[in-house]
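Q:
Protein chains: 2
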Amino acid sequence: MQTMFRYNWLVREDWYRWCEDVSETELLRARTGGIGGILHTLFHMVDVEWSWIRALQGKPDFQESFNAYDSLAKVRELDRAFRMDVESFVLAWDNSMEHRPHLDPQPNGKVAVDTWGEIMRHVIAHHIHHAGQLSVWAREVGKKPVSANVIGRGLMEIAAE
Amino acid sequence: MQTMFRYNWLVREDWYRWCEDVSETELLRARTGGIGGILHTLFHMVDVEWSWIRALQGKPDFQESFNAYDSLAKVRELDRAFRMDVESFVLAWDNSMEHRPHLDPQPNGKVAVDTWGEIMRHVIAHHIHHAGQLSVWAREVGKKPVSANVIGRGLMEIAAE
Chain A
273 MQTMFRYNWL
283 VREDWYRWCE
293 DVSETELLRA
303 RTGGIGGILH
313 TLFHMVDVEW
323 SWIRALQGKP
333 DFQESFNAYD
343 SLAKVRELDR
353 AFRMDVESFV
363 LAWDNSMEHR
373 PHLDPQPNGK
383 VAVDTWGEIM
393 RHVIAHHIHH
403 AGQLSVWARE
413 VGKKPVSANV
423 IGRGLMEIAA
433 E
Chain B
273 MQTMFRYNWL
283 VREDWYRWCE
293 DVSETELLRA
303 RTGGIGGILH
313 TLFHMVDVEW
323 SWIRALQGKP
333 DFQESFNAYD
343 SLAKVRELDR
353 AFRMDVESFV
363 LAWDNSMEHR
373 PHLDPQPNGK
383 VAVDTWGEIM
393 RHVIAHHIHH
403 AGQLSVWARE
413 VGKKPVSANV
423 IGRGLMEIAA
433 E
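Going line by line, the protein sequences match chains A and B. Residue numbers for the first sequence follow the numbering used here, beginning at 273 and rising by one. Residue numbers for the second sequence follow the numbering used here, beginning at 273 and rising by one.
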């Protein structure tokens, strides 16, 4: 579980560095699909990751809109502020939490029940999904996207043979 | 590990059904980013998933090109043929395999060493990444993309309280 969160954090840092060479106009430009823009997507990745971890902890959610975080520096700052909360939860994860139920009241009055394990995987997949969208828009900008490779990042220790 | 493979297989089936209502012209149209087209991406997802599992097993890789699989029916048929191999490997996965080294000779003469666990996660993330690209192109076609949600699919059993 931790491996894929660490992967996503590395990929997000790679995207921030990628953004440094791109004009703010391009980062904010309205685009087809997903959240509709590069920087807005990075904000959304940070926001959603944190919000789900808060939900599992039974803590109140973040209600800010992208309008208050519409620059690379502001998104990075928000990321730094949220990362500590997320990291401490993720690094304390243990397998006994996998099948624990999480109740999520829906707008229609029903209550969705998911396991904590499903929610953690949802958070991981959500991030990768949106990074995939960024990779298409990167080509629209005319710039090579960040690598989506999990391998080659030294994320896991190799067993001695 | 198995949960995320099952998630990807469900999502892939959803994308096949999504393709049923879309013209072959749109499915084959050249697009910006990624592999450059919707059906070609689905072929690539099937191909890469299988190829990595074959590599872990030390078996020879598949060398066909998309030209021989350029219809929805052909990609689905290839998927059915490959799925059995992939499923039997994934469902037999156990945690003792996580840190086992896999040696991958590179074109430059070096040998990349990754753990089996990294490669399995790479295969999972690769699939989600490309599905994210499909979701952008879906909007170009003017059609709502397949849901990327992990939650709500009944992928894990909920513990009795």
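All C-beta atoms in this analysis are idealised placements derived from N, C-alpha and C, irrespective of residue type, glycine included. Small disclaimer: the values here were computed from a predicted structure and weren't measured.
Would you mind reading off the limits of the alpha helix (DSSP H) that contains B:L406?
A: Your numbering for residue 406 of chain B matches position 134 in the second sequence. Run containing B:L406: 388–413, per the alpha helix (DSSP H) assignment.
Q: Whose Cβ in chain A lies nearer than 8 Å to the Cβ of B:Q405?
A: On the second sequence, position 133 is the one that residue 405 of chain B refers to. Simply G404, Q405, S407, V408.
Q: Pairing CB atoms from the region 346–358 of chain B with CB atoms from the region 377–390 of chain B, are three or more of them under 8 Å?
A: In short, these stretches do not touch, since the Cβ pair count stays below three.
Q: Using a Cβ-Cβ cut-off of 6 Å (strictly less than) and excluding sequence neighbours within five positions of A:G389, which residues of its own chain qualify?
A: Taking the first residue of the first sequence as position 1, residue 389 of chain A is located at position 117. Cβ within range, chain order: E370.
Q: What is the DSSP secondary structure of A:V320, counted as helix, strand or coil?
A: As a first step, residue 320 of chain A is located in the first sequence; it is residue number 48 there, counting from the start. Here A:V320 sits in helix by DSSP.
Q: What residues from the region 411–425 of chain B come within 9 Å of chain A, judged by C-beta to C-beta, listed N to C?
A: So the list reads R411, E412, P417, A420, N421, V422, I423, G424, R425, given in the order they occur along the chain.
Q: Quick check on the DSSP output: the alpha helix (DSSP H) that includes B:D293 runs from which residue to which?
A: The residue you call residue 293 of chain B lines up with position 21 of the second sequence. Taken as a continuous stretch (DSSP letters only), B:D293 belongs to no alpha helix (DSSP H), as it is neither H nor E.
Q: Per DSSP, what kind of secondary structure is A:D376 in: helix, strand or coil?
A: Mapped onto the first sequence, residue 376 of chain A falls at position 104. Of the three classes helix, strand and coil, the one that applies to A:D376 here is strand, per DSSP.
Q: Taking A:A345 as part of the alpha helix (DSSP H), name the residues at either end of that continuous run.
A: Position 73 of the first sequence, counted from the start, is the residue given in the question as residue 345 of chain A. Segment 344–363, the alpha helix (DSSP H) holding A:A345.
Q: If you run the structure through DSSP and keep just helix, strand and coil, what is B:D383?
A: The residue you call residue 383 of chain B lines up with position 111 of the second sequence. According to the sequence shown, residue 383 of chain B is Val rather than Asp. B:V383 falls in the strand class under three-state DSSP.
Q: Just to check my reading of the structure: B:H398 and B:L328 have Cβ atoms closer than 8 Å, yes? What is that Cβ distance to the nearest angstrom?
A: Locating residue 398 of chain B in the second sequence gives position 126, counting from the first residue. Locating residue 328 of chain B in the second sequence gives position 56, counting from the first residue. Not really, about 14 Å apart at Cβ, beyond 8 Å.
Q: Find the residues of chain A that neighbour B:R393, judging by a C-beta separation of less than 9 Å, and give them in chain order.
A: Here the question's residue 393 of chain B lines up with position 121 in the second sequence. Here the neighbours are T275, M276, Y279, V422, I423, L427, M428.
Q: In chain A, which residues lie less than 8 Å from B:G309 when you measure between Cβ atoms?
A: Taking the second sequence and counting its residues from 1, one reaches residue 309 of chain B at position 37. By Cβ distance, chain A contributes nothing, its closest Cβ being about 12 Å from B:G309, past 8 Å.
Q: Name the chain A residues that come within less than 8 Å of B:D400, Cβ to Cβ?
A: Taking the first residue of the second sequence as position 1, residue 400 of chain B is located at position 128. For the record, residue 400 of chain B in the displayed sequence is Ile; it is not Asp. What B:I400 touches in chain A: A397, I400, H401, G404.
Q: Check whether the Cβ of B:R301 lies closer than 9 Å to any Cβ atom in chain A.
A: Walking along the second sequence from the start, residue 301 of chain B turns up at place 29. Output row for B:R301: interface = no.
Q: Establish whether the CB of A:G305 and some CB of chain B are separated by less than 9 Å.
A: The residue given as residue 305 of chain A occupies position 33 in the first sequence. By this cut-off, A:G305 is an interface position.
Q: Please work out which residues of its chain come closer than 8 Å, Cβ to Cβ, to B:D286, disregarding the five sequence neighbours upstream and downstream, and give them in chain order.
A: As a first step, residue 286 of chain B is located in the second sequence; it is residue number 14 there, counting from the start. Same-chain partners within the cutoff: V418, S419.
Q: So A:A384 contacts chain B; which residues on that side make the cut at Cβ distance below 8 Å?
A: The count along the first sequence starts at 1 and reaches residue 384 of chain A at position 112. Neighbours of A:A384 on chain B, chain order: I423, G424.
Q: My guess is that A:V408 and B:Q405 are in contact by the Cβ rule of under 8 Å, so how many angstroms apart are they, rounded?
A: Here residue 408 of chain A is taken as the residue at index 136 of the first sequence, counted from 1. Here residue 405 of chain B is taken as the residue at index 133 of the second sequence, counted from 1. Yes, they are in contact, since the Cβ atoms of A:V408 and B:Q405 sit about 5 Å apart, within 8 Å.
Q: Using CA coordinates, which residue listed in A:R393, A:L363, A:I430, A:K415 is at the minimum distance from B:I391?
A: Stepping through the second sequence from its first residue, residue 391 of chain B is reached at position 119. Cα-wise, what sits closest to B:I391 is A:I430.
Q: Assuming contact is defined by CB atoms lying nearer than 9 Å, are A:K305 and B:A410 in contact in what I supplied?
A: For the purposes of this step, residue 305 of chain A is identified with residue 33 of the first sequence, where counting begins at 1. For the purposes of this step, residue 410 of chain B is identified with residue 138 of the second sequence, where counting begins at 1. Residue 305 of chain A is actually Gly in this sequence, not Lys. It is a contact, given that the beta carbons lie within the stated cut-off.
Q: Going along chain B, which residues have a C-beta under 8 Å from A:T387?
A: By one-based count along the first sequence, residue 387 of chain A stands at place 115. Near A:T387 (Cβ distances below 8 Å), the residues of chain B are M428, E429, I430, A431.
Q: Excluding the five sequence neighbours on either side, which residues of its own chain have a C-beta within less than 8 Å of the C-beta of B:R326, listed in chain order?
A: Mapped onto the second sequence, residue 326 of chain B falls at position 54. These residues qualify, in order along the chain: P332, D333, F334, D357.
Q: Under 7 Å Cβ-Cβ, which residues of chain B neighbour A:E285?
A: As a working note, residue 285 of chain A is residue 13 in the first sequence. Residues of chain B passing the Cβ test: none, with the nearest at roughly 16 Å.
Q: Closest to A:F338 by C-alpha separation, out of A:S295, A:I310, A:G330, A:R372, would be which residue?
A: By one-based count along the first sequence, residue 338 of chain A stands at place 66. The shortest Cα separation from A:F338 among A:S295, A:I310, A:G330, A:R372 belongs to A:I310.
Q: From the beta carbon of B:E390, is the nearest beta carbon of chain A less than 9 Å away?
A: As a working note, residue 390 of chain B is residue 118 in the second sequence. Answer yes: the Cβ-Cβ gap between B:E390 and chain A drops below 9 Å somewhere.
Q: Quick check on the burial criterion: 16 or more other C-beta atoms within 10 angstroms. Buried or exposed for B:S289?
A: In the second sequence, residue 289 of chain B corresponds to position 17, counting from 1. Note on residue identity: the sequence assigns Arg, not Ser, to residue 289 of chain B. Result: exposed.
Q: Please identify the residue among B:R278, B:H312, B:A340 whose C-alpha is closest to the C-alpha of B:C291.
A: Residue 291 of chain B sits at position 19 when you count from the first residue of the second sequence. The shortest C-alpha separation from B:C291 is found at B:H312.
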